[in-house]
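Take the sequence shown: its letters are residues 815 to 1204, numbered as in my numbering.
The structure appears below as structure tokens.
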Amino acid sequence: MEKPRIYLDNNATTVVAPEVKEAMLPFLTELYGNPSSLHRYGAETRVHIAEAYDHIYRLIEARDEDSIIINSCGTEGNNTVLQGVYHTLIRNGNKREIITTNIEHPSINTCLTHLAELGVEVKYLPVNKDGYLELETLAAAISDKTALVSVMWANNETGVINPIEEIAALCHKKGVLFHTDATQAMAKLPVSVKSRNIDFLTYSGHKFHAPKGVGALYIKAGIKLPPLLYGGEQMGGLRGGTHNMPGIAALGAACKIAVSGIQIELTHVKALRDRFETDILESIPDVIINGKGAPRTPNTCNIIFKGVEGEAVLWDLNEEGIAASTGSACASGDERASYVLSAMKLPPELTHSAIRFSLSRYTTAQEIERALDVIRKTVRRLRSISTSYK
Ligand SMILES: Cc1ncc(COP(=O)(O)O)c(C=O)c1O
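This is the structure in structure tokens:
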């Protein structure tokens, strides 16, 4: 008989919330009109865009005059910002540098590798051993040639939070554009653009209970960015392509429930994650929790069980119906050590032992108890046959 499944990989993706599914369904059935059409079918769907937008604006405290482009995912938003800044400020201007960190998601890194081939100077700043960017490091790096600073709000592997408000204020003071990839922070922490110091913010809906295939890019009023996708007049001409109505409705609903959901994350989810970590630290020797000394998202636990391969633990957990990850979903399945943990100065023999557990508001105390039980047995078994664990 198949074991009951426990999903602890919510930083990779999340289950679609029932309220979100409900909000999407009409657009998969009777409300199929193209909202750009002039007839009644179009009008019937068009009226729902504003309602979804209300929730999307409210969650990040954007103002009416700001733009929010609903797109396909965080990767698209990140590419739109980086390539857009290249075309507007760097290609024909006197600014030629983009500053980022060495722990960003591949949707930032690989795009910047491409831009570097086109002549952009990319500076990758180191994080400290707790996994976040220190303000002084950034202050020392910004110069007259800096066009953009791009720093993620929270890291996908460790959950460690960067001091985004301070970083944004510093960039604003220095007259440099600031982008934050908030994909792992949305709906887990209060994420706000109210300070007016954040110029661009990107995220992906499927990380907080919307389906895959919808995300958003916030652009502060007054800032011009060219589209990544040229086409029709949709999204104010900033992203061509027929509106993804099921996705827009879903993102609106996910943002609506996130307004109260953040409290659940900061209380229920955090309490479960803390209980999980405390139990592991008390019951299993030779364990390191990465980023424990830093502010972290309430749902994430990145943990090293010394002397055992992370992949081996994952395999055993999978056999017991428990889903976790060795790091980012994009990196699992390949042999590379986590560059995020390496950036935190952890040696390869430790980074190879890391596992990420990420909870959601649907995770229950019973699931955590069972997962703990299986993890304790798994680590004990693997260590008993490990040649590197004494
Ligand atoms: C921090 C971060 N940024 C961007 C992305 C990209 O999101 P998507 O794969 O939905 O485009 C992810 C996905 O894991 C992420 O964790």
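Think of the CB as a built atom: it goes at the ideal place given N, C-alpha and C, for glycine as much as any other residue.
Would you decide whether residue i is buried or exposed? Buried here means 16 or more other CB atoms lie within 10 Å of its CB.
{"i": "residue 1147", "result": "Only weak support exists for where residue 1147 lies, its pLDDT of 47 falling under 50; the value from the coordinates is given anyway. Exposed, because fewer than 16 other Cβ atoms sit within 10 Å of the Cβ of residue 1147."}
{"i": "residue 1074", "result": "exposed"}
{"i": "residue 852", "result": "exposed"}
{"i": "residue 1066", "result": "buried"}
{"i": "residue 1088", "result": "exposed"}
{"i": "residue 815", "result": "exposed"}
{"i": "residue 859", "result": "buried"}
{"i": "residue 1170", "result": "buried"}
{"i": "residue 1129", "result": "exposed"}
{"i": "residue 1131", "result": "buried"}
{"i": "residue 1045", "result": "exposed"}
{"i": "residue 846", "result": "exposed"}
{"i": "residue 1194", "result": "exposed"}
{"i": "residue 1048", "result": "buried"}
{"i": "residue 1175", "result": "buried"}
{"i": "residue 1187", "result": "exposed"}
{"i": "residue 1005", "result": "buried"}
{"i": "residue 861", "result": "exposed"}
Would you mind reading off the limits of the beta strand (DSSP E) that contains residue i?
{"i": "residue 1115", "result": "1114 to 1119"}
{"i": "residue 995", "result": "991 to 995"}
{"i": "residue 1030", "result": "1029 to 1033"}
{"i": "residue 1170", "result": "1168 to 1172"}
{"i": "residue 964", "result": "960 to 964"}
{"i": "residue 951", "result": "Premise fails: residue 951 lies in the alpha helix (DSSP H), 949 to 955, not in any beta strand (DSSP E)."}
{"i": "residue 1154", "result": "Unbroken run through residue 1154 is the alpha helix (DSSP H), 1153 to 1157; no beta strand (DSSP E)."}
{"i": "residue 1016", "result": "1014 to 1018"}
{"i": "residue 1102", "result": "1101 to 1103"}
Can you give the Cα-Cα distance for residue i and residue j, rounded to whole angstroms?
{"i": "residue 907", "j": "residue 1035", "result": "22 Å"}
{"i": "residue 1109", "j": "residue 945", "result": "10 Å"}
{"i": "residue 915", "j": "residue 835", "result": "36 Å"}
{"i": "residue 838", "j": "residue 1024", "result": "10 Å"}
{"i": "residue 883", "j": "residue 1103", "result": "37 Å"}
{"i": "residue 954", "j": "residue 1053", "result": "36 Å"}
{"i": "residue 947", "j": "residue 1158", "result": "11 Å"}
{"i": "residue 1144", "j": "residue 920", "result": "Any reading at residue 1144 must be qualified, since the residue scores a pLDDT of 48, below 50, and its modelled position is unreliable; the value itself is stated next. Near 8 Å, if we compare the C-alpha coordinates of residue 920 and residue 1144."}
{"i": "residue 818", "j": "residue 1096", "result": "26 Å"}
{"i": "residue 1000", "j": "residue 1101", "result": "29 Å"}
{"i": "residue 939", "j": "residue 1153", "result": "13 Å"}
{"i": "residue 1080", "j": "residue 933", "result": "43 Å"}
{"i": "residue 1214", "j": "residue 823", "result": "Only positions 815 to 1204 of the chain appear in this structure, which leaves residue 1214 out of reach."}
{"i": "residue 1091", "j": "residue 973", "result": "14 Å"}
{"i": "residue 875", "j": "residue 1164", "result": "40 Å"}
{"i": "residue 1007", "j": "residue 825", "result": "23 Å"}
{"i": "residue 831", "j": "residue 1071", "result": "9 Å"}
{"i": "residue 1167", "j": "residue 1198", "result": "15 Å"}
{"i": "residue 1201", "j": "residue 928", "result": "42 Å"}
{"i": "residue 869", "j": "residue 1062", "result": "11 Å"}
{"i": "residue 1111", "j": "residue 1055", "result": "34 Å"}
So who's on the other strand from residue i, going by DSSP bridges?
{"i": "residue 936", "result": "912"}
{"i": "residue 1139", "result": "1170"}
{"i": "residue 821", "result": "1137"}
{"i": "residue 881", "result": "1033"}
{"i": "residue 1065", "result": "Answer by DSSP bridge pairing: none, since residue 1065 is not bridged."}
{"i": "residue 841", "result": "Bridge partners of residue 841: none, in fact."}
{"i": "residue 1193", "result": "None; residue 1193 has no bridge partner."}
{"i": "residue 974", "result": "1110"}
For residue i, report the span of its alpha helix (DSSP H) as first-last.
{"i": "residue 870", "result": "854 to 874"}
{"i": "residue 1090", "result": "1084 to 1097"}
{"i": "residue 921", "result": "920 to 931"}
{"i": "residue 1048", "result": "Careful: residue 1048 lies outside any alpha helix (DSSP H) and carries neither H nor E."}
{"i": "residue 897", "result": "888 to 899"}
Indicate, with yes or no, if ligand 1 has a heavy atom lying under 7 Å from the CB of residue i.
{"i": "residue 995", "result": "yes"}
{"i": "residue 887", "result": "yes"}
{"i": "residue 966", "result": "yes"}
{"i": "residue 1018", "result": "yes"}
{"i": "residue 1172", "result": "no"}
{"i": "residue 824", "result": "no"}
{"i": "residue 919", "result": "yes"}
{"i": "residue 892", "result": "yes"}
{"i": "residue 1105", "result": "no"}
{"i": "residue 976", "result": "no"}
{"i": "residue 907", "result": "no"}
{"i": "residue 848", "result": "no"}
{"i": "residue 970", "result": "yes"}
{"i": "residue 1061", "result": "no"}
{"i": "residue 998", "result": "yes"}
{"i": "residue 933", "result": "no"}
{"i": "residue 1029", "result": "yes"}
Is there a Cβ of chain B sitting closer than 8 Å to that of residue i, yes or no?
{"i": "residue 1160", "result": "Absent from the structure: chain B. Only one protein chain is present."}
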